[in-house]
Amino acid sequence: MAALKKSVLITGCSAGGIGAGLADVFREKGYHVFATLRNPSKLPSTLSKASNVTPLTLDVLSPDSIANAVSDVTRHTGGRLDILINNSGQNLIRPALDVSLDEGRKLFDLNFWAPLAMIQAFAPLLIEARGCVVNQSSAAAYVPMAFSSIYNSSKAALAMGSEIWRREFEPLGVRTITLITTSVKTPAFERIEKPHIHDSSYYFVIREYLERLADGRLQEGAPDARTYALKVLAEIERGATGEIWVGKDAGMNRFAVKWFPQMVFELILDGFLKASGELAKVGQVMKTRR
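Residue numbers for the sequence shown follow our numbering, so the first one is 357 and each next one is one higher.
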């Protein structure tokens, strides 16, 4: 009997994104790829036409959709899954005072609770295969970036959760990788909702600055999704576990986060984002109101 191909399920495989890049390199490597996304029409043709790719419609916020995906994978593999990559996620740039709590909860649902729901649902298949879970967190988890508190906090929750799950899954024979991703060149910023600041907001005076934060400038000089994906694949295949920093200047960013005093790190961050000057404008407006 021929040996079964190793299998990988990747969430969020829309064209141009990190998920599609990962799916492509796993496809080329000979894995059977379950490329999942909410809207199948957004799957790139390289994946939709490949013989070793099974596209699946999957909404990671829907328990029924997740259950259907488990059934589909089980039918194809006989009840095994070698690698689960929780890649789906979303950004949000907005002052905390201007974020509705429902909006914030929805982001946490997608960035934190959905990966756990996927892990719980696919655990029997992963344990059967002595497989690997890969959780897509972000360097944002470690960065006190003004106007990004909800997104950064959701990724911090995932980073911590993933590292705790790593310890819990180890005796079950399942390896866990936490991707701490820095900038990668993708259409992600084209897809996020631009921060529309109401004229009643304390931050209305810097609304143009807030809109520019969502224009993709943070991706300048970043590797493309394929380059990123090749690095991730190499880490998975070498048996890596725990936090793996990948993306633009990943090593330098990791060193700065781990070893620079917080004051120094925040000064470097401000040199890039120029947030202090913008916050000072808000302060000046507040003084005129007193």
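In this text, a Cβ means the ideal position worked out from N, Cα and C, and glycines have one as well.
Computed from a prediction, not measured in an experiment: that's the story for all the values here.
Rounded straight-line distance, which links the Cα of residue j to that of residue i
i	j	result
Ala590	Tyr558	47 Å
Gly529	Ile483	6 Å
Ile600	Met619	25 Å
Lys505	Ala495	It is worth fixing the name first, because residue 505 is Ser in this sequence and not Lys. Approximately 13 Å, taken between the alpha carbons.
Asp571	Phe545	6 Å
Met608	Gly577	14 Å
Ile441	Met516	17 Å
Of the residues the options, the one placed nearest residue i, counting alpha carbons only
i	options	result
Tyr498	Glu622, Phe464, Leu365, Ala371	Glu622
Lys405	Asp420, Pro551, Ala391, Val416	Ala391
Pro579	Lys361, Leu360, Ile374	Ile374
Tyr565	Leu417, Leu437, Pro451, Ser421	Pro451
Thr433	Lys361, Leu417, Asp458, Ala479	Lys361
Asn491	Arg646, Ala596, Ser370, Met608	Ala596
Leu574	Lys614, Phe628, Thr532	Phe628
His388	Asn395, Leu378, Ser397, Gly372	Leu378
Pro551	Glu459, Glu524, Ala585, Ala470	Glu459
Ala485	Arg594, Ile553, Ile439	Ile439
Asn467	Pro480, Ser510, Ile553, Pro500	Ser510
Arg563	Leu635, Leu463, Ala585, Arg394	Leu635
Contact set for residue i: own chain, Cβ-Cβ below 7 Å, skip 5 residues either direction
i	result
Ala631	Ala502
Buried or exposed (CB count within 10 angstroms, at least 16 for buried), residue i
i	result
Ala425	buried
Ile536	buried
Ile449	buried
Ser407	exposed
Lys637	exposed
Asp555	exposed
Arg383	buried
Close beta carbons around residue i, own chain, < 6 Å, minus the five adjacent residues each side
i	result
Asn447	Tyr507, Ile548
Ala606	Thr538
Leu569	Ile449
Leu403	Ala379, Ala391, Val409
Residues of its chain near residue i, where Cβ-Cβ distance is below 8 Å and the 5 sequence neighbours each way are ignored
i	result
Ile624	Ala612, Phe616
Asp428	Phe390, Thr410, Leu412
Gly598	Glu519, Arg522, Thr532, Ile533, Thr534
>> Ignoring anything shorter than 4 residues, give me the alpha helix (DSSP H) runs that lie fully in the segment 493-527, in order along the chain.
In response: 505-525
> If you scan the segment 548-618 from start to end, which runs of the alpha helix (DSSP H) of 4 or more residues do you find wholly inside it?
Replying inline: 563-569, 581-593, 606-615
> Which residue spans inside the segment 364-446 form an unbroken alpha helix (DSSP H) run of at least 4?
Replying inline: 374-384, 401-404, 419-433
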